[in-house]
């Protein structure tokens with residue numbers, strides 16, 4: 375029973391990969407309010423087919439577990455297991 379459950383779970387994940395879904399961005403509330411929100415309208419005007427879902431919060435998120443595609447954070451960028459790019 376457990377084995378079949380795991381197989382079904384894997385098939386569901388593979389099917390979900392083909393589904394169009396929003397780009398999920400975790401970010402701090404202050405960055406969202408002061409920088410992103412004044413600019414997001416221009417992004418949507420240029421890319422109306424890209425759906426973006428913002429997840430504001432101050433706690434670090436588990437990107438894989440929480441289904442987050444990217445996170446914008448303050449810091450040195452030395453978070454274990456993650457790839458960081460300076461902005």
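Numbering (my numbering), first residue to last: 375 to 461. The beta-carbon is built from N, C-alpha and C at its ideal position, and this holds for glycine as well.
Cβ distance (whole Å) where residue i is taken to contact residue j below 8 Å
i           : j           : result
residue 445 : residue 400 : 4 Å
residue 451 : residue 460 : 7 Å
Residue(s) in a DSSP beta bridge with residue i
i           : result
residue 433 : The partner list for residue 433 (beta bridge, DSSP) is empty, contrary to what the question assumes.
residue 385 : Answer is none; residue 385 lacks a bridge partner.
residue 444 : 399
Reduced DSSP secondary structure (H/G/I, E/B, other) of residue i
i           : result
residue 427 : strand
residue 407 : helix
residue 451 : coil
State whether the segment 396-415 contacts the segment 429-442, with contact taken as three or more CB pairs (one from each stretch) at a distance under 8 Å. yes
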